[in-house]
Amino acid sequence: MSIYSYLMLRFEVVITLIIFILLVLKLNDADKKEKSLLIGINIMLLLNFIVGLLPMAEGNLFMGFFRSNGLLVLQKNILNLGLLLISLTSYNYLLKNNNRIEFYILMLSSMLGVFAMLSSGHILVLYLGLEMSTIPIAALANFNKSMKNSSEAGIKLILSSAFSTGILLFGISLLYGAVGNLSFENIQANLQLNELTLLAFAFILGGFAFKMSIVPFHLWTADVYEGSPVAVTNYLSVISKGSVIFVFISVLYSIFSSFTDAWLYAITILSILSMTVGNLFAMRQQNLKRFFAFSSIAQVGFVLVGIAGASKIGLTSATYFVLIYLLSNIASFGVISAIFDATGKETINDYKGLYKSNPYFALILAVSLFSLAGIPPTAGFFGKMFLLTSSMGNGMYVLLAFAAINIVISLYNYLRIVKTMFIDDAVEVLPVVGRNFGMKMALAVCTIGIIIIGFVTPLFQYIDVLSIVK
Amino acid sequence: MEQVPLSHVLILSSCLFFLGIYGFFSRRNMITMLMSIELILNSININFIAFNKYLYPHQLEGVFFTLFIITVAAAEVSLAIAIIINLYRKFNTIDVEDTNTMKF
Numbered sequence: 004m005s006i007y008s009y010l011m012l013r014f015e016v017v018i019t020l021i022i023f024i025l026l027v028l029k030l031n032d033a034d035k036k037e038k039s040l041l042i043g044i045n046i047m048l049l050l051n052f053i054v055g056l057l058p059m060a061e062g063n064l065f066m067g068f069f070r071s072n073g074l075l076v077l078q079k080n081i082l083n084l085g086l087l088l089i090s091l092t093s094y095n096y097l098l099k100n101n102n103r104i105e106f107y108i109l110m111l112s113s114m115l116g117v118f119a120m121l122s123s124g125h126i127l128v129l130y131l132g133l134e135m136s137t138i139p140i141a142a143l144a145n146f147n148k149s150m151k152n153s154s155e156a157g158i159k160l161i162l163s164s165a166f167s168t169g170i171l172l173f174g175i176s177l178l179y180g181a182v183g184n185l186s187f188e189n190i191q192a193n194l195q196l197n198e199l200t201l202l203a204f205a206f207i208l209g210g211f212a213f214k215m216s217i218v219p220f221h222l223w224t225a226d227v228y229e230g231s232p233v234a235v236t237n238y239l240s241v242i243s244k245g246s247v248i249f250v251f252i253s254v255l256y257s258i259f260s261s262f263t264d265a266w267l268y269a270i271t272i273l274s275i276l277s278m279t280v281g282n283l284f285a286m287r288q289q290n291l292k293r294f295f296a297f298s299s300i301a302q303v304g305f306v307l308v309g310i311a312g313a314s315k316i317g318l319t320s321a322t323y324f325v326l327i328y329l330l331s332n333i334a335s336f337g338v339i340s341a342i343f344d345a346t347g348k349e350t351i352n353d354y355k356g357l358y359k360s361n362p363y364f365a366l367i368l369a370v371s372l373f374s375l376a377g378i379p380p381t382a383g384f385f386g387k388m389f390l391l392t393s394s395m396g397n398g399m400y401v402l403l404a405f406a407a408i409n410i411v412i413s414l415y416n417y418l419r420i421v422k423t424m425f426i427d428d429a430v431e432v433l434p435v436v437g438r439n440f441g442m443k444m445a446l447a448v449c450t451i452g453i454i455i456i457g458f459v460t461p462l463f464q465y466i467d468v469l470s471i472v473k
Numbered sequence: 064m065e066q067v068p069l070s071h072v073l074i075l076s077s078c079l080f081f082l083g084i085y086g087f088f089s090r091r092n093m094i095t096m097l098m099s100i101e102l103i104l105n106s107i108n109i110n111f112i113a114f115n116k117y118l119y120p121h122q123l124e125g126v127f128f129t130l131f132i133i134t135v136a137a138a139e140v141s142l143a144i145a146i147i148i149n150l151y152r153k154f155n156t157i158d159v160e161d162t163n164t165m166k167f
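What follows is the structure, encoded as structure tokens:
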């Protein structure tokens with residue numbers, strides 16, 4: 004292999020190297036030096052992120068099974084940033100846990116699967132990457148082994164993901180019967196609309212909808228999010244979901260590009276359902292993790308609004324939105340995990356009067372909630388605006404009407420928490436929660452990102468230049 | 064010798080697939096649910112092999128896909144069983160009805 008192909012594979016190579024280093028460290032019993040170990044791992048992840056920013060390389064490897072282009076590199080960079088921030092915010096949790104190295108090995112294996120899935124040029128690699136990205140997460144969800152919640156989350160995640168993979172694979176097997184060769188290019192060239200391929204498409208859509216927790220395939224989401232440790236919930240809601248959204252777009256826009264009429268119809272219904280059900284269920288949640296589970300279902304509904312644009316801007320706006328969603332969600336989960344680690348509290352009522360006891364955390368949570376709700380100065384507004392613009396360009400007016408209504412409902416949901424933090428009097432005053440350097444850095448990056456990204460026009464233009472729809 | 068037509072094989076695999084789905088939704092024992100998932104995956108394997116043999120006999124893509132499915136399914140099931148064993152040791156149950164500490 005030449006240097007050039009290593010440059011194309013650099014994300015995968017670096018992650019694999021880190022996994023190997025961690026395995027060797029595990030053998031050497033490095034678990035005992037907690038602090039230096041965690042700092043070392045975070046530095047490695049920072050290097051990993053920096054390596055990802057090196058000049059990109061385009062092309063295909065392994066006879067088209069692996070492909071790389073500008074947009075994929077950007078998406079991987081976004082996810083790498085997410086991984087680094089999640090690792091920084093979970094510093095305190097891991098300090099108390101004795102199995103830190105396993106935690107990172109599992110998380111990075113899942114990341115490797117995500118990268119393989121994003122770069123896939125053949126359905127086989129897509130399938131392997133998808134599995135590799137979900138199986139370690141089930142083990143991670145079960146990470147608090149002595150808590151029943153956590154085990155429940157693990158078993159629910161593995162059972163539902165295995166089931167959804169089954170559905171996805173059944174669709175793929177029918178697709179194989181229809182076209183005979185499962186490389187993306189071949190499918191795109193030979194796919195014809197008939198009963199068999201439509202059935203295959205329905206099954207594949209169902210499988211992906213499960214992984215992205217789109218209503219009516221969302222039933223596992225709330226329980227898994229609530230039961231898992233906060234760091235894992237963060238990873239699930241940001242990286243797993245974001246990566247599957249990226250892959251889903253590329254599958255819809257490239258493989259099934261000849262089916263646009265058929266999938267627009269399906270996407271419209273799924274989008275309306277996810278937004279409405281997600282927002283209505285979020286209204287009655289008391290547990291914050293559960294609240295964010297339903298909020299993430301609703302946000303995926305909004306991404307689908309953008310995807311329904313079925314054009315270049317759909318791809319651009321969805322990628323842009325995932326970046327913003329990633330920053331906002333990591334900031335909120337960072338605050339939740341800081342408070343949970345210090346006090347063990349995670350219901351909305353416990354956050355009463357948070358502004359008086361911990362103004363720093365309250366402000367950051369408020370900014371990220373504003374961004375999720377889409378209030379103008381924050382980036383969330385621009386993200387949602389582009390998603391709606393994309394859909395508008397395709398003339399999906401019914402969908403847009405539902406999206407508009409849902410933005411109002413979601414505003415109520417998010418502002419309810421802001422009101423609890425700032426206006427309500429505390430029943431029981433929370434102690435002042437300390438914050439370490441990693442947490443400060445992560446929250447600062449997220450907050451600055453949320454405030455600035457909307458005004459950095461070149462970023463959107465850059466994504467727009469990179470997105471190519473065949 | 065007369066060959067079994069493709070449609071018969073496909074009917075068999077579809078029946079297996081939906082039996083698996085039915086089992087997954089109706090059984091309450093986690094091990095049985097895993098067995099249902101295996102049934103689903105095996106129906107997919109039959110599909111791949113049948114399509115490969117009847118429609119595209121000059122290449123082996125379907126067979127390779129099947130090999131990968133079997134391997135990944137083994138990994139998936141081993142992890143699921145590890146979690147089930149953990150649940151059983153700590154809480155003495157493998158019935159999904161008992162894993163209900165979280166409700167909306």
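Residue numbers (the working numbering), protein chains in the order written: chain A, 4 to 473; chain B, 64 to 167. Using N, Cα and C, we set each Cβ at its ideal position, and we do this for glycine too. Predicted model only: the values in this text are computed from it and were never measured.
Beta-carbon to beta-carbon, F425(A) and A365(A) are separated by about 7 Å, close enough to satisfy the 8 Å threshold. Annotated as proximal: S246(A) and V117(A), with beta-carbon spacing under 8 Å. The straight-line gap separating the alpha-carbon atoms of E160(B) and R91(B) is approximately 7 Å.
Here the C-alpha atom of I207(A) lies approximately 21 Å from the C-alpha atom of T322(A). For F173(A), a Cβ of chain B is located within less than 8 Å of the residue's own Cβ.
At a cut-off of 8 Å between beta-carbon atoms, S176(A) makes contact with chain B. Along the stretch 68 to 150 of chain A, the beta strand (DSSP E) occurs as fully enclosed runs of 3 or more residues at 69 to 71, listed in sequence order. The straight-line gap separating the alpha-carbon atoms of I454(A) and T381(A) is approximately 5 Å. DSSP places N290(A) in the strand class (E or B) of the three-state scheme. Near chain A, meaning a CB-to-CB distance below 7 Å, the residues of the stretch 120 to 143 of chain B are E124, G125, F128, F131, I132, V135, A138, E139, L142 and A143. An exposed status is given to H71(B), since fewer than 16 other beta-carbon atoms sit within 10 Å of its beta-carbon. For S39(A), the closest of L98(A), F166(A), V308(A) and F14(A) by C-alpha to C-alpha distance is L98(A). Inclusion of L41(A) and Y94(A) in the CB contact set at 8 Å is warranted, their separation being smaller than that value.
Residue state for D161(B) is assigned as helix, using DSSP reduced to three classes. Contact note: F166(A) reaches chain B through F87 and I100, using a C-beta cutoff of 7 Å and chain order.
The continuous beta strand (DSSP E) containing G62(A) extends over residues G62 to L64. Pairing A141(A) with I146(B) gives a Cβ-Cβ distance under 8 Å. Listed along chain A are A165, T168, G169 and L172, each with a C-beta nearer than 9 Å to that of L104(B). Classified as exposed, H121(B) has fewer than 16 neighbouring CB atoms from the shown chains inside 10 Å of its CB. In the DSSP annotation of this structure, G356(A) is not part of any alpha helix (DSSP H), being labelled neither H nor E. The DSSP-derived three-state label of T450(A) is helix. For L40(A), the enclosing alpha helix (DSSP H) stretches over residues E37 to G55. Per the Cβ contact rule, the stretch 224 to 244 of chain A is in contact with the stretch 152 to 164 of chain A (3 or more Cβ pairs under 8 Å). Under the three-state reduction of DSSP, S5(A) is assigned to coil, being neither helix nor strand.
Around the C-beta of G55(A), 16 or more other C-beta atoms lie within 10 Å, and the residue is accordingly described as buried. Taking the Cβ atoms as the reference, S257(A) lies roughly 6 Å from F187(A), within the contact range of under 8 Å. F389(A) and A301(A) have their C-alpha atoms some 17 Å from each other. For a Cβ distance threshold of 9 Å, nothing in chain A lies close to I74(B): the least Cβ distance comes to about 14 Å.
A distance of 8 Å or more separates the beta carbons of G309(A) and S298(A).
Identification of residues in the stretch 148 to 161 of chain B having a C-beta nearer than 7 Å to some C-beta of chain A yields N149, L150, K153 and F154, given in sequence order. Between the stretch 97 to 116 of chain B and the stretch 101 to 109 of chain A, the count of Cβ pairs shorter than 8 Å is below three; the stretches do not touch. Between the alpha carbons of F384(A) and A445(A) lies a distance of about 22 Å. S340(A) places its beta carbon 8 Å or farther from that of Y7(A).
Look at Y238(A): its C-beta is not under 8 Å from any C-beta on chain B.
One finds Y119, Q122 and E124 in chain B with Cβ atoms closer than 9 Å to the Cβ of N184(A), taken in chain order.
Cβ atoms of G157(A) and A144(A) come within 8 Å of each other, at about 4 Å.
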